[in-house]
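FYI, the numbering for the sequence shown is 72 to 209, going by the working numbering.
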Amino acid sequence: MERSLVLIKPDAMERGLAGVIIGRLQGEGLKLVALKMLHMDRALAERHYAIHKDKPFYKDLVDYIISTPIVAAVFEGRGVVERIRELMGATDPTRAAAGTIRKDFGLDVQRNSTHASDSPENAEKEISLFFKENEVFD
Ligand code: IDP
Ligand code: MG
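Given below as structure tokens:
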């Protein structure tokens, strides 16, 4: 079954929004199958964002994502990757559609409150960085 990794990023953690955002996804009928709070170390952040290592914003992004503990979650269901991307909205909150999580909570293009996997293949790779298989309940 298709799965997606969601991270509640430091800007949302600092404003106490983890429960609100996870609740929104659950309220859309999405099935939560894994959940934990952790403080990513630099090595994990660099692996998670390896695809962006040549981008000008990479170092700042890694520094940001390790700046506070975060919440990591896995949702499961048919089409869940695309559905969560829709619910989150565009990367830049100022460009995100009305009613999306990033529009409602994001502060700027870096501090945009959430991460969500962009394909089922990347989701599986990302999930394996954060969860052991026996920590995912489906
Ligand atoms: P996504 O999170 O919507 O998939 P990506 O392009 O994969 O967006 O970028 C990963 C993360 O890097 C974004 O969520 C955001 O936090 C940060 N980011 C992306 N583009 C920029 C930028 O132009 N400036 C600063 N940070 C950026
Ligand atoms: Mg991405």
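Note that beta-carbon positions come from the ideal geometry of N, C-alpha and C, so glycine has one too.
Would you give the residue range spanned by the beta strand (DSSP E) that serine 75 belongs to?
74–79 is the extent of the beta strand (DSSP E) around serine 75.
Measuring CB to CB, does aspartate 163 end up less than 9 angstroms from valine 180?
In terms of Cβ geometry, aspartate 163 and valine 180 form a close pair [threshold 9 angstroms].
Compute every distance between the C-beta of aspartate 125 and the non-hydrogen atoms of the ligand GTP, then say whether any falls below 8 angstroms.
The ligand GTP is not part of the structure shown, which contains the ligand IDP and the ligand MG as its ligands.
Looking at the strands, I want to know which residues DSSP matches up with histidine 186.
Leu78
Less than 8 angstroms between the CB of phenylalanine 128 and some heavy atom of the ligand IDP, yes or no?
yes
If you reduce the DSSP assignment to three classes, tell me which class lysine 126 lands in.
In the structure shown, lysine 126 sits in coil (DSSP, three-state: anything other than H, G, I, E or B).
Where does lysine 102 sit, in a helix, a strand or coil, going by DSSP?
strand
Does lysine 107 come out as helix, strand or coil in the three-state DSSP assignment?
Here lysine 107 sits in strand by DSSP.
With a threshold of 8 angstroms (Cβ to nearest heavy atom), would isoleucine 122 be considered close to the ligand IDP?
yes
Is leucine 96 near the ligand IDP, with its Cβ less than 8 angstroms from a heavy atom?
Not so, every heavy atom of the ligand IDP lies at least 8 angstroms from the Cβ.
Within the chosen definition, does the region 126–141 reach the region 163–175 through at least 3 CB pairs nearer than 8 angstroms?
Under the Cβ criterion (8 angstroms, minimum of three pairs), the region 126–141 does not count as touching the region 163–175.
Hey, arginine 74 and alanine 187: beta-carbon distance below 9 angstroms or not?
no
Can you round the beta-carbon distance between valine 145 and leucine 76 to whole angstroms, since I take them to be within the 8 angstroms contact cut?
6 angstroms
Measure the C-alpha to C-alpha separation of valine 91 and tyrosine 135 and round it to an integer number of angstroms.
21 angstroms
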